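All the letters of the sequence shown, read from the start, carry residue numbers 34 to 161 under the working numbering.
Note that the Cβ used here is the ideal one computed from N, Cα and C, for glycine as well.
What you are looking at is a predicted structure, and each value in this text was computed from that prediction instead of being measured.
Here the structure is laid out as structure tokens; the discussion comes afterwards.
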Amino acid sequence: MPETPIRVLVANRPRLMRQVVLSTLADQAGISVVGEVEDEQEVASLVAKTRPDFLFIGLDETRRRPPLCDLLLKQFPSLRIIAVAPNSDTGVFYWASFEIHSATMEASQEGVLDVMRKKEIRRERGNA
């Protein structure tokens, strides 16, 4: 039986960053892009509608967790968020258990795909 594809929602700013992420994921086996968001105001509703495993967002400040992460991870604890800074090689991976966690990752195709495919981080899709 084939494995369920990894569901991804892309909400990066600027548009060029979204296009890079979409292009990177387009030909990846086992990954399905379930939507693209331009307006940050629409992210929460589209996450609720599409129930992605991963959400890509832009990272404005590398030292501060975006408030959107707290909001979404409280509502959707099985969601994983990859935040990438458009003007540097910095990316942060956020997830929740009892607390919201993060880990520095390489902001490259290899780094992103490595994080998305790690089985110990991808938990079974639950009752979020």
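- For T83, the three-state secondary structure derived from DSSP is helix.
- Rounded to whole angstroms, the gap between the alpha carbons of W128 and P110 is 7 Å.
- When the five nearest sequence neighbours on each side are left out, the beta carbons in the same chain lying within less than 8 Å of the beta carbon of L49 are those of P119, in order along the chain.
- The Cβ neighbour count for D86, taken over all protein chains shown within 10 Å, is at least 16; the residue is labelled buried.
- Per DSSP, S56 lies in no beta strand (DSSP E); the unbroken alpha helix (DSSP H) holding it starts and ends at R48 to A59.
- Counting along the chain, no beta strand (DSSP E) covers R97, and no H or E run does either.
- At least 8 Å separates the beta-carbon of Q52 from that of L146.
- From the listed residues V67, E73, R84 and V80, the smallest Cα separation to L92 is found for E73.
- A direct Cα-to-Cα measurement between I114 and G63 gives close to 18 Å.
- Residue state for G63 is assigned as coil, using DSSP reduced to three classes.
- Separation of the CB atoms of E69 and L55 is rounded to 7 Å, and the pair is thereby assigned contact status at 8 Å.
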